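Protein chains in written order, with UniProt numbering: chain A, 1 to 180; chain B, 1 to 180; chain C, 1 to 180; chain D, 1 to 180. First comes the structure, then the notes that go with it.
There are 4 protein chains.
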Amino acid sequence: MAGSVNKVILIGNLGRDPEIRSMQSGQRVANLNIATSESWKDRTSGERRDKTEWHRVVIFNDRLVDVAEKFLRKGSKVYLEGQLQTRKWTDPSGVEKYTTEIVLQNFRGELTMLDGRNDGQGGMGDSAGGGYGGDSDSNFGGGGYGGGFGGGASSPSQGGGASSGGSGMSADDLDDEIPF
Amino acid sequence: MAGSVNKVILIGNLGRDPEIRSMQSGQRVANLNIATSESWKDRTSGERRDKTEWHRVVIFNDRLVDVAEKFLRKGSKVYLEGQLQTRKWTDPSGVEKYTTEIVLQNFRGELTMLDGRNDGQGGMGDSAGGGYGGDSDSNFGGGGYGGGFGGGASSPSQGGGASSGGSGMSADDLDDEIPF
Amino acid sequence: MAGSVNKVILIGNLGRDPEIRSMQSGQRVANLNIATSESWKDRTSGERRDKTEWHRVVIFNDRLVDVAEKFLRKGSKVYLEGQLQTRKWTDPSGVEKYTTEIVLQNFRGELTMLDGRNDGQGGMGDSAGGGYGGDSDSNFGGGGYGGGFGGGASSPSQGGGASSGGSGMSADDLDDEIPF
Amino acid sequence: MAGSVNKVILIGNLGRDPEIRSMQSGQRVANLNIATSESWKDRTSGERRDKTEWHRVVIFNDRLVDVAEKFLRKGSKVYLEGQLQTRKWTDPSGVEKYTTEIVLQNFRGELTMLDGRNDGQGGMGDSAGGGYGGDSDSNFGGGGYGGGFGGGASSPSQGGGASSGGSGMSADDLDDEIPF
DNA sequence: TTTT
DNA sequence: TTTT
Chain A
1 MAGSVNKVIL
11 IGNLGRDPEI
21 RSMQSGQRVA
31 NLNIATSESW
41 KDRTSGERRD
51 KTEWHRVVIF
61 NDRLVDVAEK
71 FLRKGSKVYL
81 EGQLQTRKWT
91 DPSGVEKYTT
101 EIVLQNFRGE
111 LTMLDGRNDG
121 QGGMGDSAGG
131 GYGGDSDSNF
141 GGGGYGGGFG
151 GGASSPSQGG
161 GASSGGSGMS
171 ADDLDDEIPF
Chain B
1 MAGSVNKVIL
11 IGNLGRDPEI
21 RSMQSGQRVA
31 NLNIATSESW
41 KDRTSGERRD
51 KTEWHRVVIF
61 NDRLVDVAEK
71 FLRKGSKVYL
81 EGQLQTRKWT
91 DPSGVEKYTT
101 EIVLQNFRGE
111 LTMLDGRNDG
121 QGGMGDSAGG
131 GYGGDSDSNF
141 GGGGYGGGFG
151 GGASSPSQGG
161 GASSGGSGMS
171 ADDLDDEIPF
Chain C
1 MAGSVNKVIL
11 IGNLGRDPEI
21 RSMQSGQRVA
31 NLNIATSESW
41 KDRTSGERRD
51 KTEWHRVVIF
61 NDRLVDVAEK
71 FLRKGSKVYL
81 EGQLQTRKWT
91 DPSGVEKYTT
101 EIVLQNFRGE
111 LTMLDGRNDG
121 QGGMGDSAGG
131 GYGGDSDSNF
141 GGGGYGGGFG
151 GGASSPSQGG
161 GASSGGSGMS
171 ADDLDDEIPF
Chain D
1 MAGSVNKVIL
11 IGNLGRDPEI
21 RSMQSGQRVA
31 NLNIATSESW
41 KDRTSGERRD
51 KTEWHRVVIF
61 NDRLVDVAEK
71 FLRKGSKVYL
81 EGQLQTRKWT
91 DPSGVEKYTT
101 EIVLQNFRGE
111 LTMLDGRNDG
121 QGGMGDSAGG
131 GYGGDSDSNF
141 GGGGYGGGFG
151 GGASSPSQGG
161 GASSGGSGMS
171 ADDLDDEIPF
């Protein structure tokens, strides 16, 4: 058919570092775990409540796999656009399962880094007046030509340890709650 | 956390009539099965291929439940906006399962009918002259005031040409049943 | 910079046939006039009111220019995604003006036909049980590989006169109200 | 008509502080200037090029006006959703002009702060240790119940690392000023 | 006029 | 299970 649209837009934080693997065909694939959260004031209790939703993201777009590998880390905040896809699989004990993922394919999908939170050792804090620190927001369009990384000075330092820093989401707190 | 976005946009067709049920709280819920499809030309074989994706949609928004019940049927084409949500449940044999759904909640979510398949009795497919007849596209906004059915001056031209008529209810017939 | 998103999503009807022109570089460009409408119940008067908004759409994507030329006509309903862009220009009397357009560029932008309303003479009504008539919904992805037209039987007849048929929007009614 | 969608999604930065004014009816209105930028590698020269687009945003939604007033400043990064609207007006010399704006209305529109530039006194840029400090991303849904500020348990971890601190107000400080 |  |  046609005349249909299947689009997911997420802004959220990576719950852990991207996982990169290669398929037998040589095609590289990146998997991201993205958390989105909502908070609201409960109408009866008046308490503030919140809920985190976890999303499985699969990137087949070569350029975006590179971007994920080089620039995204646990805690990174991203904007992304992809498509919903549900896969059927059989677990080791023979049970049929379904998994729904957000897929960024070759000429579909966008990925934009919204912070510079990929500096492991917190290079941002090393000087007074730091301001926008290691921030290197970048827009990685899904197209063949486009988007791109600002190169040069905006290249972030990645190295090192667990994601520290004043990240919006405390990935560490959530780490062992990730349901997949 | 916050600063996050969780949004799904679909245009697709209902695979079957909406299922409406009531929760113990009295809250009514509608379930939709939406198909989206893509077709593309295979790069190696040159053949045209296509793939259909099925989506589970759950509507908690009262007004939109009414709209689904009154106007949507198997085959209806809709535009909708909702949020991704994954539920964990245990099947009868004790196996844990996850189901991902697109949720349209009380002040979130939009639903717009993109065709006029709003014939209550579903006799459309088996009678002559049926089909695309009484076109009555409608926009049901998620907001409190909102959206609405194109009554009055904006009433779509149904009469006239060969493509009118059909056994479907017209927008005018339904006008005073509109749930807002 | 980067880390930014500029996206417009419209579902609406063409107020007139697409205008196709060629630039000196040979690049072809299509211009569309799209109407979107809202209706709502006035809170004080209780009357139903509505408002139509007109959008200028410019297509630089070669494939999508072809699609617009071949398949879109006055009254056609489309889904499209593009970017906002404001141009400054000077009118004949030397006054500076700004025009904001929705641009569909080479690897950005999507265009999906949501009806088959491009049959000028209403071929849909010519047989009993017509059902989905000349409907030929199609999804034209912005990507290099993708989307595509279902070919074969779904190719619509275009010919002829002013847009008749049971179209959701009565383009004729609105024709002389188009503000550009 | 109906069955139409008119939606703009932007992620960008404020070019200046929000402008808040009151209409004769008492309705408050906020105006934002938002910049979105793209960068790409020129295919012929191989140079990196970029282009900034400026957007006029008008907020009629009361809650979101408050949010803009309290939390947004020149440089703030936001996610927003609104509708395109073109206004006709006559300039002092009698020339007719059109202005296209992105409108966030009462039950339409979303606004999400994507950084923590919510320091009331604007002293951030000129004091040591400023910058990305008190990260307090917030999601201000357009709905009636909704969105909210990440207080309580979901409070972002500000303390700790080198990148914390700063002169900005923290989310907690502002908690009881939140306009919903 | 923003941001990197 | 839809739609073309």
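We put the beta carbon where it would ideally sit given N, CA and C, even for glycine. As the structure is a computational prediction, the values presented were derived from the model and not from experiment.
- Per the DSSP secondary-structure output, A:Glu110 pairs in a beta bridge with A:Glu81.
- Only those residues of the stretch 27-45 of chain C whose C-beta falls short of 8 Å from the nearest C-beta of chain B are listed: Ser37, Glu38, Ser39, Trp40, Lys41 and Arg43.
- Beyond the five residues adjoining it in sequence on each side, B:Asn61 comes within less than 7 Å, by CB distance, of Leu104, Gln105, Asn106, Gly109 and Gly142 in the same chain, given in chain order.
- Apart from sequence neighbours up to five positions away, the residues of its chain that approach B:Lys51 with a beta-carbon distance below 6 Å are Glu38, ordered along the chain.
- Contact annotation: in the stretch 54-67 of chain A, no residue has its CB less than 8 Å from a CB in chain D.
- DSSP, reduced to helix, strand and coil, places C:Val95 outside both helices and strands of the structure shown, so it counts as coil.
- Boundaries cannot be given for A:Lys74, as no alpha helix (DSSP H) includes it and DSSP labels it neither H nor E.
- Across the structure, D:Trp40 and A:Gln85 are spaced so that their CA atoms are roughly 30 Å apart.
- Under DSSP, B:Gly3 shares a beta bridge with no residue.
- Against B:Leu104, chain A offers no close residue; the least beta-carbon distance is about 14 Å (beta-carbon pairs closer than 7 Å).
- Contact between the stretch 53-70 of chain D and the stretch 28-38 of chain D is established, with three or more Cβ pairs separated by less than 8 Å.
- A Cβ-Cβ distance of about 15 Å is found for the pair B:Leu114 and B:Leu64, leaving them out of contact under the 8 Å criterion.
- Look at the stretch 89-114 of chain A: the residues with a C-beta under 7 Å from a C-beta of chain C are Asn106, Phe107, Arg108, Thr112, Met113 and Leu114.
- The C-alpha of D:Val58 is placed about 11 Å away from the C-alpha of D:Arg21.
- Closest by C-alpha distance to D:Asn13, out of D:Tyr79, D:Trp89 and D:Asp91, is D:Tyr79.
- Cβ contact annotation for B:Ile11 (same chain, cutoff 6 Å, sequence separation greater than five): Tyr79, in chain order.
- Rounded to the nearest whole angstrom, the C-alpha separation of B:Ala68 and A:Lys74 is 40 Å.
- Taken through DSSP and simplified to helix, strand or coil, A:Asp50 comes out as strand.
- Think of a sphere of 8 Å around the beta carbon of D:Lys7: the chain C residues whose beta carbon falls inside it are Val8, Ile9 and Leu10, in chain order.
- With fewer than 16 other Cβ atoms from the protein chains shown falling within 10 Å of its own Cβ, A:Asp91 counts as exposed.
- Interface with chain C (8 Å Cβ-Cβ cutoff): D:Leu72 is excluded.
- In this structure, DSSP gives B:Arg28 an extended state, which the three-state scheme calls strand.
- DSSP places A:Arg43 outside both helix and strand once states are collapsed to three, so it counts as coil.
- Bounds of the beta strand (DSSP E) holding D:Arg21 are Glu19 to Ser22.
- The beta-carbon distance between B:Asn31 and B:Glu19, rounded to whole angstroms, is 4 Å. This is short enough to meet the 8 Å contact definition.
- DSSP links B:Arg16 through a beta bridge to no other residue.
- Against D:Leu84, the close residues of chain C are Val8, Leu10, Thr36, Glu53, His55, Leu84, Thr100 and Ile102, in the order they occur along the chain (beta-carbon pairs closer than 9 Å).
- Within the same chain, Thr90 come within 6 Å of D:Glu96 by CB-CB distance, once the 5 residues on both sides are set aside.
- With contacts defined as CB atoms closer than 8 Å, A:Val8 and A:Gly82 qualify as a contacting pair.
- In chain order, Asn13, Leu14, Met113, Asp115 and Arg117 place their CB closer than 7 Å to the CB of B:Ser76, counting only its own chain and leaving out the 5 sequence neighbours on each side.
- Scanning chain D for C-beta atoms nearer than 8 Å to the C-beta of C:Ser4 yields Leu10, Ile11, Gly12, Asn13, Ala35, Thr36, Ser37 and Glu38, reported in chain order.
- For B:Asp17, the CB contacts under 7 Å within the same chain, skipping 5 residues up- and downstream, are Arg73 and Lys74 in chain order.
- Here D:Tyr98 has Thr86 and Lys88 as same chain residues with Cβ atoms under 6 Å from its own Cβ, once five neighbours each way along the sequence are excluded.
- CA-to-CA, the gap between B:Ser4 and A:Ser25 works out to about 35 Å.
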